[in-house]
Amino acid sequence: MKIYFARHAESEANISNVISNRGWQHPLTENGKQQAEHLGERLKEAGISGIFASPIMRAIHTAQIVGEVIKAPVAAADALREFDCGAMEGRSDNEAWFEVGHAMRQWLEQGDLDYRISAGESYSEVLERFRLFITKVIAIGGEGSFLFVSHGGTLRLALPQVIKDLSPTLYQDHFFNYTDYAVTEVVEGSLVCVEWCGQRTTS
């Protein structure tokens, strides 16, 4: 089994710098739609039989466009949504983005996995839902391939924890731009990264 982890395409929230991690708003830009189509073209020969996407609009729309290109069904998976920024949701001011950055530093630099923005999610909660979903998919088994469409923040937090022997600096050195993706294989019940942003990570 292979699992592809992709970031969504560019959305109106990204252009306006709005924190939009809840609800159903901020569709893809025209540029984002083209990015999603291009992702689909890149994955045409990947043998992907199903797509799971975060329920947030930009991820679902990305998945739907890719699904049309590669002829694969799309289903929403709450486990893949972006981390909840609580009281900062819907804001675009510097103070709000400072709070988001502070949360990331508490998690990744200070190791405080239970820190949260007011009314938001902790790293521990994000990782728990993400890891549980991955475990369920792996338990299904089989030789098929799946595409998971998620978000930059959630992927940055979760992938180093669910992929075996992933370099701790790989995501920081090669951050996912819109529709970038990693390819993993299930080996003895664990995920092993074989490709990251177009570069092979195994021989």
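Position in the sequence shown (from 1) plus 52 gives the number in the numbering used here.
Glycine residues also receive a C-beta, built at the ideal position from the N, C-alpha and C atoms.
- Excluding the 5 residues flanking it on each side, Gln87 has same chain C-beta neighbours closer than 7 Å at Ala61, Glu62, Tyr230, Thr231, in chain order.
- Of the candidates Ile55, Glu247, Ala98, Gly153, the residue whose Cα lies closest to the Cα of Ala105 is Ile55.
- With a cutoff of 8 Å on beta-carbon distance, Ala131 and Phe185 are scored as near each other.
- A distance below 7 Å between beta-carbons, with the five flanking residues on each side excluded, links Gly241 to the following residues of its chain, in chain order: Ile190.
- Three or more Cβ pairs closer than 8 Å define a contact, and the region 70-78 falls short of that threshold against the region 237-251.
- Cα atoms of Tyr167 and Glu180: separation of roughly 14 Å, rounded to the nearest angstrom.
- Tyr233 is the residue among Tyr233, Asp225, Ser176, Tyr223 whose C-alpha sits nearest the C-alpha of Ser202.
- Secondary structure at Lys54: strand, using DSSP grouped into helix, strand and coil.
- Under the three-pair Cβ rule at 8 Å, the region 149-156 does not count as touching the region 123-130.
- Counted as a single uninterrupted DSSP element, the beta strand (DSSP E) harbouring Gly102 occupies residues 100-105.
- DSSP places Ser176 in the uninterrupted alpha helix (DSSP H) bounded by 175-192.
- An exposed status is given to Thr221, since fewer than 16 other beta-carbon atoms sit within 10 Å of its beta-carbon.
- CA-to-CA, the gap between Phe198 and Met53 works out to about 8 Å.
- The shortest CA-to-CA distance from Ile122 to any of Gly92, Glu82, Thr114 is the one to Gly92.
- Note: Tyr230 is not bridge-paired with any residue in the DSSP secondary-structure output.
- Listed in chain order, the non-local C-beta contacts of Glu89 below 7 Å within the same chain comprise Ile117, Val121, local neighbours out to five positions each way being set aside.
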